[in-house]
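Engineer:
Protein chains: 2
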Amino acid sequence: MNVGNLVKESLKAIPEPTLRRLPIYHQYLKKIDKEDFISCTTIANDLCLEAIQVRKDISLTGIVGKPQVGYSVKQLMSAIEDFLGWNNVMDAFLVGVGSLGSAILGYKGFEKYGLNILAGFDVDDSKVGTEIHRKKIYHIEKLPSLIKRMKIKIGILTLPASCAQEIANTMVEAGIKALWNFSPIKITTREEIIVLNENLAASLAVLSKKLQEQQNRN
Amino acid sequence: MNVGNLVKESLKAIPEPTLRRLPIYHQYLKKIDKEDFISCTTIANDLCLEAIQVRKDISLTGIVGKPQVGYSVKQLMSAIEDFLGWNNVMDAFLVGVGSLGSAILGYKGFEKYGLNILAGFDVDDSKVGTEIHRKKIYHIEKLPSLIKRMKIKIGILTLPASCAQEIANTMVEAGIKALWNFSPIKITTREEIIVLNENLAASLAVLSKKLQEQQNRN
DNA sequence: TAGATTGTTAATCGATTAACAATC
DNA sequence: TAGATTGTTAATCGATTAACAATC
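Protein sequences appear in the order of chains A and B.
Residue numbering for the first sequence follows this note's numbering, starting at -3 and increasing by one per position.
Residue numbering for the second sequence follows this note's numbering, starting at -3 and increasing by one per position.
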């Protein structure tokens, strides 16, 4: 692969399915890091995937393996970390400190994955001013000014359906560039803003419909 | 469409992207249910989708619209409910009553979406015997016998990476047919078991990589 | 009727999978 | 060297999108 291709390659967006599998490879490699080298066949077998798919995903991170040997586990892990930006931790605000919001505030794993939740926001005066899992909770009124002052780019929404879109709009106006939305409603914004809608009802629909289909088959 | 096609159609699995969008249409329709009829163009515009995609999704639920008028909002909502089985509530057990597990135990929305979490399970003796959000917490030892006795088909995993696979295996042996996994590791099982892996690291990878790409573009 | 909308068949696009050459 | 594995190009498959006929 020549330099021209590399440039072209880097301009092409990475397929979303690949992005979703890379952390799974990393989680898997963590468990088996006694081994020096691993082949994509082994990874695929253990994760119920196709070897060719693993190989293609890995090639997108830019790492090269050794024929007859496989990939260096260490090298592969750190290539995934670099590729996904886990070494450049980004700050985020979380809005809506209900039970799901609190759980996410307290999740220790995010910093390893490049995300640092700085603070939480809520309208509930009994929460404002307290700390939850060591993160300060501010009144939602302060959200726009703090987003601007601290140049926060990522917002996490754990809000009721009724106000999620409105608060999302406020945050985007204040300069937020990416929204991770756990509210039970789809958030829509200007095209250039990244929105990732995590919809529990959507996932549950997949689970229960597949279960129905499975039960009907027998 | 004749009866033969209907039968053929019902045997074909519904595409997963469609299953994920149907609940989003429902959440959207709830907000605007003053209107009698709605066109797929309107739905698509409001949800940033393509009209043809909405039309195709809707057609898979079996509902028919009226040319020049659109779809009856009421009819469409109840068709989605029926199609996704929201009227046949299924029981589930949740394993791992940490902060995420507790949040999910307490989420009121699931019953509307056809899921009733009956109880929680944990190894922590300070939790066993208590109630969290009105759900009893049992020791994980009792999991297999209760799954068998109550014929539970759905398990929700909110466990640390270190024990998630092992407990999943136990549950499948006891008769669980579907696993909804929030643990930070991919769960693999026998082919006929439905597994839905919700991996926060995977989602975060999509969000942060897209944000990187977006920032590099400018 | 004219026109807007649905329903269906065909074309396109992107991800997965297959085939095979390159490598150690 | 032979053989196992990677890397790359081509084929396949499924979802999205386009085109257009059917409908009220």
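Just so it is clear, CB atoms sit at the ideal spot from N, CA and C, and this is done for glycine as well.
Predicted model only: the values in this text are computed from it and were never measured.
1) How many whole angstroms separate the CB atoms of Phe89(B) and Leu139(B), which I take to be in contact at a CB cut-off of 8 Å?
2) With a CB to CB cut of under 6 Å and the five nearest residues on each side skipped, what residues in its chain are close to Ile39(A)?
3) Between Gln210(B) and chain A, is the shortest Cβ-Cβ distance under 8 Å, so that the two count as touching?
4) Using DSSP with H/G/I as helix, E/B as strand and the rest coil, what is Glu46(A)?
5) Ignore the nearest five residues each way along the sequence and tell me which others in Gly171(B)'s own chain have a CB closer than 8 Å to its CB.
6) Under a CB-based cut-off of 8 Å, is Lys206(B) close to chain A?
7) In the segment 137 to 165 of chain B, which residues sit with their C-beta less than 8 Å from some C-beta in chain A, listed in chain order?
8) Using DSSP bridges, identify the partner residues of Trp176(A).
9) Given Ile128(B), which residues of its chain have a CB within under 8 Å of its CB, disregarding the five upstream and five downstream residues?
10) For the segment 111 to 137 of chain A, list every residue whose C-beta sits within 9 Å of some C-beta in chain B, in sequence order.
11) Identify the continuous beta strand (DSSP E) that holds Gln90(B) and give its terminal residues.
12) I need the DSSP call for His129(A), collapsed to helix, strand or coil.
13) Taking only beta-carbon atoms, is Asn195(A) less than 8 Å away from chain B?
14) Name the chain A residues whose beta carbon is nearer than 7 Å to that of Ile181(B)?
15) Distance check for Met167(A) and Ser141(A), CA to CA, integer angstroms please.
16) Helix, strand or coil: how does DSSP classify Asp118(B) here?
17) Give a yes or no on whether 8 Å exceeds the smallest Cβ distance from Lys173(A) to chain B.
18) Against chain A, with Cβ distances strictly below 8 Å, would Asn1(B) count as a contact?
19) State the Cα-Cα distance for the pair Asn195(A) and Pro180(A), rounded to the nearest angstrom.
20) Do the CB positions of Gly66(A) and Ser35(A) come within less than 8 Å of each other?
21) Could you check whether the Cβ of Thr184(B) sits closer than 8 Å to any Cβ belonging to chain A?
22) Is Ala75(A) close to chain B? Criterion is C-beta to C-beta, closer than 8 Å.
23) In chain order, what are the residue ranges of uninterrupted alpha helix (DSSP H) at least 4 long that sit wholly in the segment 46 to 78 of chain B?
24) Determine the chain A residues that contact Glu12(B) at a beta-carbon separation under 8 Å, and present them in chain order.
25) Should Thr185(B) and Ala198(B) be called a contact, given that it needs their Cβ atoms to be closer than 8 Å?
26) Under the DSSP definition of a beta bridge, which residues are partnered with Phe33(B)?
27) For Ile113(A), which beta-bridge partners are listed by DSSP?
Structural biologist: Per the coordinate set shown:
1) Sequence index remark: in the second sequence, residue 89(B) carries index 93 (1-based). Sequence index remark: in the second sequence, residue 139(B) carries index 143 (1-based). Rounded, the Cβ-Cβ distance is 7 Å, consistent with contact.
2) The residue you call residue 39(A) lines up with position 43 of the first sequence. Cβ neighbours of Ile39(A) beyond the five flanking positions: Val50.
3) Position 214 of the second sequence, counting from 1, holds the residue named residue 210(B). Closer than 8 Å to some Cβ of chain A, the Cβ of Gln210(B) qualifies, so yes.
4) The residue you call residue 46(A) lines up with position 50 of the first sequence. Looking at Glu46(A) - three-state DSSP - the assignment turns out to be coil, as it is neither helix nor strand.
5) Mapped onto the second sequence, residue 171(B) falls at position 175. Ile143, Lys144, Lys147, Ile148, Lys149, listed in sequence order.
6) In the second sequence, the residue the question calls residue 206(B) occupies position 210. So yes, Lys206(B) belongs to the interface.
7) Within the segment 137 to 165 of chain B, the residues whose Cβ lies closer than 8 Å to some Cβ of chain A are Lys149, Ile150, Ala157, listed in chain order.
8) Counting from 1 along the first sequence, the entry for residue 176(A) is found at position 180. Answer is Ile152(A), Leu192(A), bridged to Trp176(A).
9) Counting from 1 along the second sequence, the entry for residue 128(B) is found at position 132. Once the five neighbours on either side are set aside, the close Cβ partners of Ile128(B) are Val93, Ser98, Leu101, Gly102, Gly116.
10) Leu111, His129
11) Residue mapping note: residue 90(B) aligns to position 94 of the second sequence, counting from 1. The question names Gln, but residue 90(B) is Leu in the sequence shown. It spans 86 to 91 - the beta strand (DSSP E) in which Leu90(B) sits, taken as one unbroken run.
12) The residue you call residue 129(A) lines up with position 133 of the first sequence. Here His129(A) sits in coil by DSSP.
13) Within the first sequence, residue 195(A) is the residue found at index 199, counting from 1. Yes, because at least one Cβ of chain B sits closer than 8 Å to the Cβ of Asn195(A).
14) Counting from 1 along the second sequence, the entry for residue 181(B) is found at position 185. The answer, in chain order, is Gln23.
15) The residue you call residue 141(A) lines up with position 145 of the first sequence. The residue you call residue 167(A) lines up with position 171 of the first sequence. The alpha-carbon atoms of Ser141(A) and Met167(A) are separated by roughly 10 Å.
16) Reading the second sequence from its first residue, position 122 is the one you call residue 118(B). Asp118(B) falls in the strand class under three-state DSSP.
17) Reading the first sequence from its first residue, position 177 is the one you call residue 173(A). It does: the Cβ of Lys173(A) has a partner Cβ on chain B nearer than 8 Å.
18) Walking along the second sequence from the start, residue 1(B) turns up at place 5. Because Asn1(B) sits at a pLDDT of 39, beneath the cut-off of 50, its placement in the model cannot be relied upon, and the following sentence gives the value as read from the coordinates. Not one chain A Cβ lies under 8 Å of Asn1(B).
19) For the purposes of this step, residue 195(A) is taken as residue 199 along the first sequence, with counting starting at 1. For the purposes of this step, residue 180(A) is taken as residue 184 along the first sequence, with counting starting at 1. Going from the Cα of Asn195(A) to the Cα of Pro180(A) covers about 6 Å.
20) In the first sequence, the residue the question calls residue 66(A) occupies position 70. In the first sequence, the residue the question calls residue 35(A) occupies position 39. Cβ atoms of Gly66(A) and Ser35(A): closer than 8 Å.
21) One-based indexing of the second sequence puts residue 184(B) at position 188. Closer than 8 Å to some Cβ of chain A, the Cβ of Thr184(B) qualifies, so yes.
22) By 1-based counting over the first sequence, the position of residue 75(A) is 79. Cβ-Cβ to chain B under 8 Å: no for Ala75(A).
23) 47 to 56
24) Mapped onto the second sequence, residue 12(B) falls at position 16. What Glu12(B) touches in chain A, judged by beta-carbon distance under 8 Å, is Val202, going in chain order.
25) Position 189 of the second sequence, counting from 1, holds the residue named residue 185(B). Position 202 of the second sequence, counting from 1, holds the residue named residue 198(B). Going by beta carbons, Thr185(B) and Ala198(B) fall outside the 8 Å limit.
26) Your numbering for residue 33(B) matches position 37 in the second sequence. Looking at the DSSP assignment, Phe33(B) forms a beta bridge with Ser68(B).
27) As a first step, residue 113(A) is located in the first sequence; it is residue number 117 there, counting from the start. BP columns for Ile113(A) point to Ala88(A).
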